[in-house]
């Protein structure tokens, strides 16, 4: 019984060092998605001015991906591209018309981009938001 506490401590110390090494390695790798540009806001009211949200980014490693719009709770609103081949260091531009996957108008508010890299089995949600505004009475 006296050997159990030192053994547990040694295992925890080894696990801590290993986790630190993995974290350092991940920090030194380039991000999988970068150069993200999102329309800060848009108003899909048909006046041909800010009717579509513009989404632009590039990936640093080629992969197949789903490109999605999600709400702030992480719920899927719309898939802009499904199983799309994304090549490394090429820019991709998508546009969103403010509609959901059922083609209903999305609620006014903030939305985010999610890129699901299928080969990496990773879901990336870059910083930044797209704000959907509805036109005011005019």
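In the numbering used here, the protein residues as written are 366 to 503. The beta-carbon is built from N, C-alpha and C at its ideal position, and this holds for glycine as well.
Judged by DSSP secondary structure, residue 403 falls within the beta strand (DSSP E) whose first and last residues are 398 to 403.
Residue 448 and residue 485 have their alpha carbons spaced roughly 13 Å apart. In this structure, the beta-carbon distance from residue 494 to residue 477 falls below 8 Å. With a cutoff of 8 Å on beta-carbon distance, residue 482 and residue 489 are scored as near each other.
Secondary structure of residue 368 (DSSP, three-state): coil. Partner residues in the beta bridge of residue 436, as assigned by DSSP, are 476. Under the DSSP assignment, residue 418 falls in the beta strand (DSSP E) whose first and last residues are 418 to 424. Straight-line measurement puts the Cα of residue 412 at about 25 Å from the Cα of residue 444. Nearest to residue 450 by alpha-carbon distance, out of 461, 381, 427 and 435, is 427.
If you ignore the 5 residues before and after residue 409, its C-beta comes within less than 6 Å of the C-beta of 416, 462 and 463, all in its own chain and listed in chain order. In this structure residue 418 is not in contact with residue 480, their Cβ atoms being roughly 15 Å apart against a cut-off of 8 Å.
Put simply, of 435, 425 and 475 the residue whose alpha carbon is nearest the alpha carbon of residue 456 is 425. Just so you know, the alpha carbons of residue 388 and residue 473 end up roughly 38 Å apart.
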